[in-house]
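Engineer: Under full-length UniProt numbering, the letters of the sequence shown match residues 1 to 302, in that order. Even for Gly, the Cβ is constructed at its ideal location relative to N, Cα and C. The model shown is predicted, which means the values in this text are computed figures rather than measured ones. I'd like to ask you about the structure that follows.
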Amino acid sequence: MDISKLLNAVEPIDATLESNHPTTWEGLGHTLENPSSPTEADILTINRFLWRSYKPRVKPDPTVEDTPHVKEREIPKWNCNQIRTKIRNFLATKELTRSAFLGLLHIEPTDFREFMRLTGGEVNSTYIGATIFFDRYEKREKEKLKAMEPKDRKRKAAEQKEVRTKRSKDGAEFLKRIEEVELPDIDDDGTVPVFDDCDDIRNKINCFLGEGMVTKAAFLRALGDVNSNSLRSYMNLRRGASSGASNVVYRTAYVFFEKKRILEGKPKSVKRLANEDLQGPDGFPLDHSPSLPFFEKVVNGY
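Structure follows, in structure tokens:
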């Protein structure tokens, strides 16, 4: 990620910082050891600057409410999960292709893939670049809206509502078609062997919800009225092939995405075929135990 190019494209943002921290983008550029190829220390410096400079929400310490001279604790404008959601929603609009988006922000595809699959990721260049991008993007959109005539704003709001209504209708129809698909390997008791690991399912859920075709509530209903707490718990687990195997979301989401794959006529991936060979006809175990043969090193090689 070439930070020097990104810094030149961003206007200075007011900030109140300690004297030993940069207060402008220009000052930040001078502080970095190597803007064109930032070191780990540079990335931490940039991240610290972002935390302090975006007019963040604040959480005042209840013990110092009556002492205004004491600085309030600051938190970032957006956390990593919020940035991931913003990226998925933005790419779903097709305003930019993924490669164009990464090129604009000078982000390496490997860094992007790693960030989108993480739970955290504050020091990843994707988080830093996307935070700057969406801050400026949303400000521009607000300025455009303010510049519109009242009748134009009303027309745009109506168009957006129409798009949301159509997307909701199309999404509901799509979910119905998925539900009607019959899986060929279903057992007599209604169970299905699972051949995607937990990380695969998390990635598929993130991508599907990021497309914006259906709401999270509609998706949970399609899984069989799964509780939202179960989904949140599953998605927030640390990465690992077996991390979340006992969660109901893992089993039901696998069935959902397998039906979706069949409906769309897509072939099994190389990794999926490897999983079938490694796990046998019973698929992955549906509980999380260190003794279970998840073969993470082999699977992650695909």
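Ignore the nearest five residues each way along the sequence and tell me which others in E211's own chain have a CB closer than 7 Å to its CB.
Structural biologist: Cβ within range, chain order: A92.
Engineer: According to DSSP, is V194 helix, strand or coil?
Structural biologist: Residue state, collapsed to three classes: strand.
Engineer: Could you check how far apart the C-beta atoms of S230 and D287 are, in whole angstroms? I think they sit under 8 Å.
Structural biologist: About 15 Å separates the two Cβ atoms, so there is no contact after all.
Engineer: What does DSSP give as the partner residues of G283 in its beta bridges?
Structural biologist: In DSSP, G283 forms a bridge with V194.
Engineer: Can you find the residues in the same chain that come closer than 7 Å, C-beta to C-beta, to F115, ignoring five residues on each side of it along the sequence?
Structural biologist: Result list for F115: G121, N124, T126 and Y127, in chain order.
Engineer: So what's V123 in DSSP terms, helix, strand or just coil?
Structural biologist: V123 falls in the coil class under three-state DSSP.
Engineer: Could you check the C-alpha separation between L273 and M148 for me, to the nearest Å?
Structural biologist: So the two alpha carbons sit approximately 54 Å from each other.
Engineer: Counting Cβ pairs, one atom from each stretch, are 3 or more of them under 8 Å apart for the segment 136 to 155 and the segment 186 to 195?
Structural biologist: Judged by Cβ distances under 8 Å, the segment 136 to 155 makes no contact with the segment 186 to 195, as fewer than three pairs qualify.
Engineer: Any beta carbon from chain D within less than 8 Å of R98's own beta carbon?
Structural biologist: The structure shown has no chain D; it contains just one protein chain.
Engineer: Kindly indicate which three-state DSSP category V255 falls into: helix, strand or coil?
Structural biologist: Of the three classes helix, strand and coil, the one that applies to V255 here is helix, per DSSP.
Engineer: Which stretch, first to last residue, makes up the alpha helix (DSSP H) that contains T110?
Structural biologist: Here the alpha helix (DSSP H) through T110 covers P109 to M116.
Engineer: Would residue 327 and K86 qualify as a contact pair, given that the criterion is a beta-carbon distance under 8 Å?
Structural biologist: Lying before the first or after the last residue shown, residue 327 is absent from the chain, which here runs from 1 to 302.
Engineer: Taking DSSP as the reference, what is the three-state secondary structure of T85?
Structural biologist: Reduced to three states, the DSSP call for T85 is helix.
Engineer: Specify the secondary structure class of N206 as computed by DSSP and reduced to three states.
Structural biologist: Correct three-state label for N206: helix.
Engineer: In whole angstroms, give me the CA-to-CA distance for R175 and Q82.
Structural biologist: The displayed chain sequence assigns Leu, not Arg, to residue 175. Spanning the two alpha carbons is a distance of roughly 25 Å.
Engineer: For the alpha helix (DSSP H) holding R239, just list the boundary residues, first then last.
Structural biologist: Premise fails: R239 is in no alpha helix (DSSP H) and is neither H nor E.
Engineer: Looking at the structure shown, is N229 part of a helix, part of a strand, or coil, going by DSSP?
Structural biologist: It is helical.
Engineer: Excluding sequence positions up to five away, which residues of its chain have a Cβ less than 8 Å from the Cβ of R261?
Structural biologist: K268.
Engineer: In whole angstroms, what is the alpha-carbon distance linking residue 304 and V181?
Structural biologist: As shown, the chain starts at 1 and ends at 302. That puts residue 304 outside it, with no answer to give.
Engineer: Given R221, which residues of its chain have a CB within under 7 Å of its CB, disregarding the five upstream and five downstream residues?
Structural biologist: Nothing meets the Cβ criterion.
Engineer: Decide yes or no for the touch test of the segment 194 to 202 against the segment 235 to 246: beta carbon pairs closer than 8 Å, at least 3 of them.
Structural biologist: The segment 194 to 202 is in contact with the segment 235 to 246.
Engineer: Among the candidates F101, K142 and E258, whose CA atom is the shortest distance from the CA of F208?
Structural biologist: Comparing Cα-Cα distances from F208 to each of F101, K142 and E258, the minimum goes to E258.
Engineer: Can you tell me the Cα-Cα spacing of E173 and E179, whole angstroms?
Structural biologist: Roughly 10 Å between the two C-alpha positions.
Engineer: Since I believe F256 is in contact with L223 (beta carbons under 8 Å), could you give me their beta-carbon distance rounded to a whole number of angstroms?
Structural biologist: Confirmed, Cβ separation roughly 6 Å.
Engineer: Using the Cα positions of A218 and L32, report the straight-line distance between them to the nearest angstrom.
Structural biologist: Rounded to whole angstroms, A218 to L32 spans 46 Å at the Cα level.
Engineer: Which word fits A244, buried or exposed, when buried means at least 16 other C-beta atoms lie within 10 angstroms of its C-beta?
Structural biologist: Per the sequence shown, the amino acid found at residue 244 is Gly instead of Ala. Label assigned to G244: buried.
Engineer: Looking at V226: is its Cβ nearer than 8 Å to the Cβ of V249?
Structural biologist: Contact: yes.
Engineer: Does the Cβ-Cβ distance between C198 and S228 come in under 8 Å?
Structural biologist: The answer is no: Cβ separation not under 8 Å.
Engineer: In three-state terms, what does DSSP make of V181?
Structural biologist: It is coil, neither helix nor strand.
Engineer: Run through DSSP, which three-state label would P150 get?
Structural biologist: The answer is helix: DSSP assigns P150 an H, G or I state.
Engineer: Excluding five sequence neighbours on each side, which residues of the same chain lie with their C-beta closer than 7 Å to the C-beta of G283?
Structural biologist: Cβ neighbours of G283 beyond the five flanking positions: P193, V194 and F195.
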